[in-house]
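Residue numbers (the numbering used here): 4 to 89.
Have a look at this one:
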C-alpha cells in the first residue's frame, strides 16, 4: 500500500509541475514593461551595444523593431522597421 501512495503522489506532483510550466508564460512575452535608464519600454527588449570605429551598421529583423537614438534622452526614430542602416 505504501508504494501505491508514493506512486500516486509522484504522478500528482508531475501533473502539478506540468500545469504550472504550461500556464506560466515567460515574462518577455507578456504585456509587462521594464524601466531602462528611467524610461518605460515594452518587453521584449533586445539591447545591442555597438563598438567604436564602425563606419556603417546594418541591422535586420524578421519582425518589426523600434529604433531609438540614445543621447541625453531617448528619441524614437522608427516604430515598426524591418531593417535599419546607420
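All C-beta atoms, glycine included, are put in the ideal place defined by N, C-alpha and C.
Rounded separation between residue 63 and residue 84 - CA only: 9 Å
Beta carbon of residue 18 nearer than 8 Å to that of residue 60: no
Three-way DSSP call (helix, strand, coil) for residue 8 in this model: helix
CB contact below 8 Å: residue 10 versus chain B: Among the protein chains of the structure shown there is no chain B, as only one such chain exists.
Per DSSP, the bridge partner or partners of residue 63: 86
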